[in-house]
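In our numbering, the protein residues as written are 137 to 341.
For each residue, glycine too, the CB sits at the ideal point set by N, CA and C.
Computed from a prediction, not measured in an experiment: that's the story for all the values here.
Notes for the one structure printed next.
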C-alpha cells in the first residue's frame, strides 16, 4: 500500500500516518496478518476488522490477577492439570473471529490441542467488565463464548460489585449464580471452587 499523493508527511503531534499505511485497511485484515501482529495492547479480530481495546486500568489488572491466582491455586491444589492463563492469549470463537479473555482455564486435554497463538476451546473464561462498554462483556461476548461451546463464563463487575457465573445449557448461557457482597462465587464446572466476592472487590480503588 502506498501513501496517498495528497497526504502530507506526518507532523509532530499527529498520528504517524506512514506507519499506519503499512497495515491493511479495516475490513481487509486476514487471520494470518492478525495473528502476526505483535503488540502490548489487547487486540481482537472480527471478520477482517481489528478492534483495539482500551488500555486496562490498574484496578482492572488487580482484579484480573486476583481471579487468575485464585483459579490457578485451586487447579494446582486439586491436581486437576491443565493450564490457567491471563490475557492476552487468544480464543478462536470460529474462523474469522478471535477474543482475548482476561483469564482462561483449559483442561489438560484442551491444552494439548491448543496452539501457541490461540485455542479453539476452553473450560472457563473470565472477563473483568470495562466501564467504557459493559455491553461488550454482558451481551456480545456472552453470545460469542456460548457459540464457541465454552462451558462456563465468569463476569467480574467492580462497579456493580458482583460476580456473575454463567453455565452453558443447550447452546446458551444460563445463570449458575449472581454473587454479591458477603457471598462466595462458586463454579459449576470446578466443584469446590469458591472465591469471596468481598476479596475480589477489595482489589484496586
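Ranked by Cα distance from residue 310, the options 317, 287, 329 and 293 are led by 287. Within the DSSP secondary-structure output, residue 242 pairs in a beta bridge with 219. DSSP places residue 277 within a helical segment (H, G or I) once states are collapsed to three. Just so you know, the alpha carbons of residue 184 and residue 216 end up roughly 37 Å apart.
Cα atoms of residue 256 and residue 171: separation of roughly 14 Å, rounded to the nearest angstrom. Counting along the chain, the unbroken alpha helix (DSSP H) around residue 204 starts and ends at 194–213.
It is roughly 19 Å from the alpha-carbon of residue 194 to the alpha-carbon of residue 225.
For residue 179, the enclosing beta strand (DSSP E) stretches over residues 179–182. Rounded to whole angstroms, the gap between the alpha carbons of residue 223 and residue 147 is 34 Å. In this structure, residue 239 and residue 200 form a Cβ contact; the two beta carbons are roughly 6 Å apart against a cut-off of 8 Å.
Secondary structure of residue 321 (DSSP, three-state): strand. DSSP places residue 170 outside any beta strand (DSSP E); the residue lies instead in the alpha helix (DSSP H), whose first and last residues are 167–171.
Distance from the CA atom of residue 297 to the CA atom of residue 317, rounded to whole angstroms, is 7 Å. For residue 293, the enclosing beta strand (DSSP E) stretches over residues 288–293. Counted as a single uninterrupted DSSP element, the beta strand (DSSP E) harbouring residue 301 occupies residues 298–305.
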